[in-house]
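All remarks here apply to the structure that follows.
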Amino acid sequence: MSNQSPHDRRRTSSGESVDGQEATQRPLERYLPSVAKPIRVASFWLAIILPFVYIPLLLTGLSNGPETGTFLALLGCNLGALYVGHSYRIEDEL
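As structure tokens, then:
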């Protein structure tokens with residue numbers, strides 16, 4: 002029987018080992034350790050805020066090329082922000 006809480010198991014599955022040994026890290030933490038956390042925080046909040054920028058574009062319609070291109074660029078940025086910021090946990094800040 003394990004003495005781990007569900008929180009400990011979640012941490013273990015994210016790349017940290019139970020006994021404190023460093024397991025394989027995510028690429029951002031491996032290559033940019035000093036700025037990895039601020040990048041994840043910014044990406045997390047950007048992924049939340051960007052969909053609100055879509056609203057004016059969608060209300061006016063995507064009738065011409067520049068508007069459609071802008072929408073697709075914002076959508077691509079949002080997907081990138083979701084990918085990078087998905088592992089950010091607010092409880093780590095508290």
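The numbering used here numbers the first residue of the sequence shown as 2 and each following residue consecutively.
Note that beta-carbon positions come from the ideal geometry of N, C-alpha and C, so glycine has one too.
Small disclaimer: the values here were computed from a predicted structure and weren't measured.
{"Query": "Restricting to Cα atoms, I'd like to know which of Q26, Y89, L83, G62 is closest to I50.", "Result": "L83"}
{"Query": "Count the other C-beta atoms from every protein chain shown that fall within 10 angstroms of the C-beta of A74, then say buried if there are 16 or more, exposed otherwise.", "Result": "exposed"}
{"Query": "Quick one: grab the DSSP three-state call for R31.", "Result": "helix"}
{"Query": "Hey, L63 and F72 are a contact pair by Cβ (cut 8 angstroms); roughly how many whole angstroms apart?", "Result": "6 angstroms"}
{"Query": "Decide if S44 is buried, meaning its Cβ has at least 16 other Cβ atoms within 10 Å, or exposed.", "Result": "buried"}
{"Query": "What is the C-beta distance between L29 and V85, in whole angstroms, given that I count them as a contact (C-beta under 8 angstroms)?", "Result": "7 angstroms"}
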